[in-house]
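Following: one structure in structure tokens, then a few remarks.
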Amino acid sequence: MIQVINLCKSFRGQQVLKGVNLEFTSGKITTIVGTSGCGKTVLLRHLNALLRPDEGAVLIDGVDITKLPQKELYEMRSKFGVLFQGAALLDSMSVYDNVAFPMREKTKCTESDIKKKVEERLEQVGLGAMGGKFPAELSGGMKKRAGLARALIMDPEIVLFDEPTTGLDPVLATSIHQLIARTHATFGFTGVLVSHTIPQVFDISDYVAMLVNGTIEEVSATKTFCASQNPVVHQFLQGKTEGPIQVL
Amino acid sequence: MLSFLGRTGRFSLEQIAAMGRVFFFLMSAIFLAFRRPAKFYLIIHHIKTIGVDSLSVVALSGFFTGMVMGFQGYYSLRKFNAESWLGSATALGLLRELGPVLSAFMVTGRTGSAMAAELGTMRATEQIDALDSMAINPIKYLVSPRIIASLLAMPLLTAIFDVIGIFGSYLVGVNLLGVSSGSFFAGMENSVVFHDVYSGFVKSISFGLIITWICCYKGFYAPPMATGVSQATTESVVLSFVLILIWDYFLTSIML
């Protein structure tokens, strides 16, 4: 269980998060939506303490991750897998080495065990034959798949997805969504997804939370969210320029 | 008046905080270098990029520096009928001063700028955040091995610069200008003592530390955008050059 309690964060005097309160149910996928620049990625980066809040707490199984010293924080982070917006593959390594990297660095597994698991993960994301390629030789969709394989290699309990379909065409975006749903069904992780791909992302989401002006406007099960009468949610889902959400 | 004082105070505090961050970065990198597990394969990889890959440019610059010293030394010493001291003058100049400083400049231009650009790009493309999120300390993984590698590679590069520089001076002085080969080497043997070699090596080791420290810091904390990477690269090279010269002055005054 992940609990976000009264989370506040400012950058150079501009307050981005203004007391966010949110709970992520274990074993389910929760998608965070909101207007561009509303702080979704900032919120996501607080969940594994890549950012430290000005105020508030992030509890992972009851432990406040924001106050952990580095050693305990790194132990806690081994529960997480992260798929970054641009996949963030280490460009000096091949796809195979990227996926094997966390195992080589964090475990004492033999190279044959690593090979077996890496090949299994690459197969699961449809990149079985691409292990020898370097990130610069991959398309955007392939990079995301490789990033997902790396995020899943340590069998994480929680996986964070930062805009996994940004920059992809609708067909590729759907294939990435299906891949997330399939891997979620296989591994049963708690997924937190930041996405703009609406409404397609709702197909794989159990819950949806909407962030507006630094606070959570609404959080509910996906079906309830889609049928919400909240004017802010309604305007956002309809993509209208007129309504309570101010458009510049 | 009060606002001026306030601005000055704020500026001073920001500068002190920035200096604190720079020193904390270095201390973290040195501390983590001694933490297990040791990253020997990374140290060897960076010895190659800092040392082996800089070898040609260091050798070339050493050769031409030595040849120029041969010409200039001969021109100056001839005025005092002391051409036979050319070997001594060249060796002392190279070992104590020009070898460490010029090879450090070459490494800064060749490898330091690449370090800053590489780490800056890794910051911009979230690769450093990815390491952190995988519970891998990015300073231990990216910076500590580079610092150890530079401490090992810089004295070796400086030694190569010195030897090739002396050879260049020998070619010009003996083969071109007619200085006696025996007096060239005899003068060198009589005047060069171990302290001259030692001071040059101390300088080269400290310059290696300055280069990797500054270039890694600038790249590591580069603003995550294209201009941020280019700015970090430029700043790292300029700041390394300036610090090398300033530190060279202090070391020379201490070790003279």
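As you go down the protein sequences, you meet chains A and B in turn. Going by this note's numbering, 199 is the number at position 199 of the first sequence; the sequence numbering is gapless. If you want this note's numbering, it's the 1-based position in the second sequence plus 1000. For every residue, glycine included, the Cβ atom is placed at its ideal position computed from N, Cα and C. Small disclaimer: the values here were computed from a predicted structure and weren't measured.
Cβ neighbour criterion (16 or more within 10 Å) applied to residue i
i: S1253 (chain B); result: exposed
i: N1175 (chain B); result: exposed
i: P231 (chain A); result: exposed
i: S1003 (chain B); result: exposed
i: K108 (chain A); result: exposed
i: S1144 (chain B); result: buried
i: A1089 (chain B); result: buried
i: M1019 (chain B); result: exposed
i: Y1198 (chain B); result: exposed
i: T30 (chain A); result: buried
i: G167 (chain A); result: exposed
i: V95 (chain A); result: buried
i: T1065 (chain B); result: buried
i: E1118 (chain B); result: buried
i: K116 (chain A); result: exposed
i: Y1075 (chain B); result: exposed
i: H1046 (chain B); result: buried
i: Q70 (chain A); result: exposed
i: D1162 (chain B); result: buried
i: Q14 (chain A); result: exposed
i: D113 (chain A); result: exposed
In DSSP terms, what residue i is bridged to
i: T1111 (chain B); result: None, per the DSSP bridge assignment.
i: S1248 (chain B); result: According to the sequence displayed, residue 1248 (chain B) carries Asp and not Ser. Its beta-bridge partners do not exist; DSSP assigns none.
i: C8 (chain A); result: A:K18 and A:E55
i: I2 (chain A); result: A:F24 and A:I60
i: V1238 (chain B); result: V1238 (chain B) is not bridged to any residue.
i: L148 (chain A); result: Bridge partners of L148 (chain A): none, in fact.
i: G191 (chain A); result: A:I29 and A:V159
i: L83 (chain A); result: A:F161
i: I216 (chain A); result: A:L211
As assigned by DSSP and simplified to three states, the class of residue i
i: I180 (chain A); result: helix
i: S1230 (chain B); result: helix
i: D206 (chain A); result: coil
i: E1083 (chain B); result: helix
i: A221 (chain A); result: strand
i: V1193 (chain B); result: coil
i: F1073 (chain B); result: Correcting the residue type first, residue 1073 (chain B) is Gly in the shown sequence and not Phe. Helix at G1073 (chain B).
i: I1214 (chain B); result: helix
i: T1158 (chain B); result: helix
i: L68 (chain A); result: coil
i: D162 (chain A); result: strand
i: I1136 (chain B); result: coil
i: L211 (chain A); result: strand
i: G167 (chain A); result: coil
i: G34 (chain A); result: strand
i: H234 (chain A); result: helix
i: P1100 (chain B); result: helix
i: P1224 (chain B); result: coil
i: Q229 (chain A); result: coil
i: S94 (chain A); result: coil
i: V1179 (chain B); result: coil
i: E1126 (chain B); result: coil
i: I1164 (chain B); result: helix
i: A49 (chain A); result: coil
Closest residue to residue i among the options (Cα-Cα distance)
i: V16 (chain A); options: A:R45, A:I2 and A:T31; result: A:R45
i: L277 (chain A); options: A:C8, A:E123, A:D91 and A:L51; result: The displayed coordinates of chain A run from 1 to 248. Any statement about residue 277 (chain A) would go beyond what the structure contains.
i: I1147 (chain B); options: B:G1009, B:A1018, B:A1033 and B:R1010; result: B:A1033
i: V125 (chain A); options: A:K116, A:P135, A:A87 and A:K144; result: A:K144
i: A1116 (chain B); options: B:S1103, B:M1001 and B:T1227; result: B:T1227
i: G146 (chain A); options: A:S175, A:N98, A:D162 and A:T166; result: Gly is not the amino acid found at residue 146 (chain A); the sequence shown has Ala there. A146 (chain A) has its Cα closest to that of A:N98, out of A:S175, A:N98, A:D162 and A:T166.
i: T1049 (chain B); options: B:K1218, B:T1212, B:S1236 and B:V1238; result: B:T1212
i: F1025 (chain B); options: B:V1058, B:A1114 and B:C1215; result: B:C1215
i: N48 (chain A); options: B:D1129, B:L1060, B:R1078 and B:V1172; result: B:D1129
i: L1157 (chain B); options: B:K1079, B:A1104 and B:N1137; result: B:A1104
i: F1071 (chain B); options: B:F1185, B:G1219, B:G1208 and B:G1178; result: B:G1178
i: I176 (chain A); options: A:Q85, A:M76 and A:G131; result: A:Q85
i: T215 (chain A); options: A:M1, A:G27, A:S26 and A:G37; result: A:G37
i: G191 (chain A); options: A:Y207, A:G132, A:T197 and A:A100; result: A:Y207
i: V1107 (chain B); options: B:S1012, B:S1230, B:V1229 and B:G1208; result: B:G1208
i: F24 (chain A); options: A:E120, A:R150, A:V219 and A:H196; result: A:V219
i: G1062 (chain B); options: B:P1100, B:V1238 and B:K1218; result: B:P1100
i: I2 (chain A); options: A:T41, A:V58 and A:Q200; result: A:V58
i: T1121 (chain B); options: B:F1220, B:L1239 and B:R1010; result: B:F1220
i: S1240 (chain B); options: B:L1251, B:S1206, B:V1229 and B:L1256; result: B:S1206
i: F1040 (chain B); options: B:F1194, B:L1243, B:Y1141 and B:L1251; result: B:Y1141
Exercise. Going along the chain, which unbroken runs of the alpha helix (DSSP H) with 4 or more residues stay wholly within the region 103–144 of chain A?
Worked result: 111–124
Exercise. Counting only runs that start and end within the region 1021–1058 of chain B, where is the alpha helix (DSSP H) found for 4 or more residues in a row?
Worked result: 1040–1050
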